[in-house]
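S.K.: One structure coming up, written as structure tokens, with questions to follow.
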Amino acid sequence: QLWYTQIVRAVFKLFIPFVVIQMKLLSATPGKVVCEMKVEEEHTNRGGTLHGGLTATLVDVVSTAALLYTERAVPGVSVDMNITYTSAAKIGEEILITAQILKQGRSIAFASVDLTDKATGKLIAQGRHTKYLGSNTSK
């Protein structure tokens, strides 16, 4: 378990968004990754709340990290992603980003990502991410 968490932390260092966003890994279990982030001014839109584009980046990056923490450990490529925005996160608030792999088949994986307010548990956004993993067979 600890070994996998160390691998996920090392992979995070390769993802520029983790460095720029200053997101912290809280836990990593097979197919599930939980991170936290404090919303800073540079993360916000003109309204002073978490930018939708950054939310999409969080869904992408954290779900990919969860996919890397599976038996196949393949990041895949995005084929579909959608985000439902349910409330706003303001500057100074801490959010949790929880990614869960729902299903991983031979060539496609499905993930769900919840962004919640750390203090209240209120849902900020929910994303679904579908990734193509490639083929297990050679041509």
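The sequence shown maps to residues -28 to -1, 1 to 111 in mature numbering (1 follows the signal peptide of the UniProt record, and there is no 0). No residue lacks a Cβ here, since even glycine has one placed at the ideal position from N, Cα and C. The structure displayed is predicted, hence computed values, not measured ones.
1) Residues in the same chain with beta-carbon distance under 6 Å from G99, minus the five sequence neighbours each way, listed in chain order, please.
2) Rounded to whole angstroms, what is the Cα-Cα separation between K12 and G25?
3) Pull up the distance between the alpha-carbon of I69 and that of C7, whole angstroms please.
4) Based on the DSSP output, what are the partners of D52 in its beta bridges?
5) Can you say whether L74 is buried or exposed, counting buried as having 16 or more other CB atoms within 10 angstroms of its CB?
6) Going by Cα to Cα distance, which pick from T102, G64 and L95 is closest to S79?
7) Could you have a look at S(-2) and say whether DSSP puts it in helix, strand or coil?
8) Kindly indicate which residue of D52, G48, T1 and F82 has the alpha-carbon position closest to the one of Y41.
9) For Q(-7), count neighbouring Cβ atoms within 10 angstroms of its own Cβ and tell me buried if that reaches 16, exposed if not.
10) List the endpoints of the continuous alpha helix (DSSP H) containing S35.
11) With Q72 as the anchor, note down where its beta strand (DSSP E) starts and where it stops.
M.R.: By the coordinates alone:
1) V31, I55 and V85
2) The sequence given here has Glu at residue 12, not Lys. The straight-line gap from Cα to Cα measures roughly 15 Å.
3) 5 Å
4) T102
5) exposed
6) T102
7) strand
8) T1
9) exposed
10) G24 to L40
11) E66 to Q76
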